[in-house]
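Throughout, our numbering is defined as the position within the sequence shown, counted from one, plus 549.
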Amino acid sequence: MKHLFSLLMCLAISPAFAQQPALSIDATSYLLADFHTGQVLASHNAYDRIEPASLTKLMTAYVVFTAVKQKHISLDQNIPVSERAWRMIGSRMFIEPNKKVTVDELIRGMIVQSGNDACIALAEAVAGSEEIFAQMMNKEAERLNMRSTHFVNATGLPNPNHYSTAHDLALLATAIIRDFPEFYPLYSIKEFAYNDITQPNRNRLLWLDPHVDGMKTGWTKTAGFCLVTSAIRDKRRLISVVMGTESANARSMESQRLLNYGFQFYDTLHLYKKDEVLTTIQLWKGAENALKAGFNRDVYFTLQKGQADQLKATMEYKQPLIAPVRIGQEVGTVRFTLNGRTIETYPLVALEKIGTANVFGRAWDGVKLLFN
550 MKHLFSLLMC LAISPAFAQQ PALSIDATSY LLADFHTGQV LASHNAYDRI
600 EPASLTKLMT AYVVFTAVKQ KHISLDQNIP VSERAWRMIG SRMFIEPNKK
650 VTVDELIRGM IVQSGNDACI ALAEAVAGSE EIFAQMMNKE AERLNMRSTH
700 FVNATGLPNP NHYSTAHDLA LLATAIIRDF PEFYPLYSIK EFAYNDITQP
750 NRNRLLWLDP HVDGMKTGWT KTAGFCLVTS AIRDKRRLIS VVMGTESANA
800 RSMESQRLLN YGFQFYDTLH LYKKDEVLTT IQLWKGAENA LKAGFNRDVY
850 FTLQKGQADQ LKATMEYKQP LIAPVRIGQE VGTVRFTLNG RTIETYPLVA
900 LEKIGTANVF GRAWDGVKLL FN
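As structure tokens, this is what we get:
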């Protein structure tokens with residue numbers, strides 16, 4: 550059975566269609582995506598293999614966060630500093646072999662100060678060696694569908710076999726925010742002091758744009774200046790990835806232009822909440838005659854401004870639906886269309902458990918079904 554219903558009553562959006570200007574970002578590759586829907590709003594060479602530089606530390610952090618969450622290590626745990634970590638080249642937080650340092654301090658040194666030495670110390674604490682830790686990084690990359698990514702170290706130092714894409718880095722940024730909300734605020738810290746040395750966060754947008762609350766900068770001579778950014782306005786979160794710009798200032802400005810474009814010309818609509826009752830469906834041979842149904846997830850859509858009145862949904866549900874029914878059981882589908890084109894289909898699920906009726910109720914419904 551099909552049922553057409555309008556979404557317009559749910560939407561508060563400007564009816565005027567905003568004409569989009571041509572977008573030109575001065576970067577080797579870039580991508581702008583909506584956090585909730587995953588929809589790509591703008592991109593260029595997003596699947597081209599690039600050197601991730603210190604953006605690698607997003608995955609280093611993901612693996613470390615996982616280890617903390619699984620209680621393999623603890624935030625207040627003191628970590629021994631190996632000579633290899635102490636002598637690590639590049640950006641550093643200046644840990645020393647004979648000076649105590651905790652996991653919490655190392656995480657902050659990795660995120661805020663981009664310390665390569667902190668990355669090595671954390672990798673050795675979690676996996677015993679950086680080489681084994683890199684294998685863990687690749688396992689997580691595979692699980693997150695980062696199909697064009699391969700890591701050989703925890704720092705992002707150049708290596709021909711160490712690569713990613715703007716698309717994959719956006720997936721990783723999304724995963725950090727989604728899976729580790731307790732750690733994500735660390736990416737908004739503007740400075741961190743360790744060993745009597747205070748270093749600022751290299752993400753200039755933390756100072757320039759009050760909506761930006763993360764994430765990570767990167768640079769090598771071959772990679773250029775790179776930046777993954779996340780910003781939130783009016784409960785909408787966007788993620789931008791900008792690779793291969795010419796300067797630290799350029800990566801900030803191009804990232805901000807990309808974010809402004811997404812906020813100005815698109816809207817993210819939170820149409821339905823998880824477990825919200827969307828409809829009731831007739832139930833046969835059950836202890837109740839009607840079943841409450843809805844979605845098993847929040848339903849979001851990202852649309853160009855002015856397209857709300859073109860979004861429709863068609864609900865198709867199974868009939869006859871016969872008890873018993875369990876919570877979460879798929880009982881139909883909802884197909885969303887824009888200008889007549891299907892853009893997404895979600896399962897319609899039971900929001901309650903309903904058992905069978907007594908023998909007389911089942912028999913009576915059986916008779917009625919014969920005539921239906």
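Glycine included, C-beta positions come from ideal geometry on N, C-alpha and C. Remember, predicted model here, so these are calculated numbers, not experimental data.
Per DSSP, reduced to three states, the secondary structure at Ala722 is helical. For secondary structure counted as the alpha helix (DSSP H) over 4 or more consecutive residues, the stretch 760-848 holds these complete runs in sequence order: 797-814.
When rounded, the separation of the alpha-carbon atoms in Gln662 and Ser713 is 22 Å.
Short of 6 Å from the beta carbon of Ile871, and not among the five residues preceding or following it, lie these beta carbons of its own chain, in chain order: Trp833 and Lys834.
The straight-line gap separating the alpha-carbon atoms of Phe643 and Lys606 is approximately 17 Å. Residue environment: Ile725 is assigned as buried (16 or more neighbouring CB atoms within 10 Å of its CB, all protein chains considered).
Contact between Arg753 and Ser678 fails: their C-beta atoms lie close to 35 Å from each other, not under 8 Å. One thing to note: Thr851 has its Cβ within 7 Å of the Cβ of Tyr815.
Beta-bridge annotation (DSSP): Ala742 is paired with Thr747.
Thr817 and Glu893 have their alpha carbons spaced roughly 15 Å apart.
Bridge pairing for Leu919: absent [DSSP]. Three or more beta-carbon pairs separated by less than 8 Å link the stretch 839-855 to the stretch 895-904, which places the two stretches in contact. Taking all protein chains in view, the Cβ of Trp768 is crowded by 16 or more other Cβ atoms within 10 Å, so the residue is classified as buried.
In summary, Thr771 is exposed, with fewer than 16 beta-carbon neighbours lying within 10 Å of its beta-carbon over all protein chains present.
In the structure shown, the three-state DSSP call for Leu887 is strand. Proximity of the stretch 606-615 to the stretch 577-591 falls short of the contact definition, fewer than three beta-carbon pairs being nearer than 8 Å. For Glu680, the enclosing alpha helix (DSSP H) covers residues Glu679 to Arg692. From the listed residues Ala674, Pro709, Gly658 and Lys854, the smallest Cα separation to Gln626 is found for Ala674. Across the set Asn888, Asn750 and Tyr866, the C-alpha of Asn888 shows the shortest separation from the C-alpha of Asp858. In this structure, Tyr736 lies near Met764, with their beta-carbon atoms less than 7 Å apart. Residue environment: Val880 is assigned as buried (16 or more neighbouring CB atoms within 10 Å of its CB, all protein chains considered). In this structure, the CA atom of Leu624 is about 24 Å from the CA atom of Arg636. The beta carbon of Thr698 lies closer than 6 Å to those of Ala690, Ser713 and Asp717 in the same chain, with the five residues before and after it left out.
Taking every protein chain shown into account, the CB of Asn665 has 16 or more other CB atoms within 10 angstroms, so this residue is buried.
Put simply, the backbone Cα of Arg890 is about 44 Å away from that of Asn708.
Inclusion of Phe774 and Ala742 in the CB contact set at 7 Å is not warranted, their separation being larger than that value. Around the CB of Ser578, 16 or more other CB atoms lie within 10 Å, so the residue is classed as buried.
Leaving aside the five residues that flank Ile903 on each side, the residues in its chain whose CB is nearer than 8 Å to its CB run, in chain order, Leu832, Gly835, Ala836, Glu837, Leu840, Ala872, Pro873 and Val874.
Put simply, of Leu787, Ile660, Ala799 and Leu706 the residue whose alpha carbon is nearest the alpha carbon of Thr723 is Leu787.
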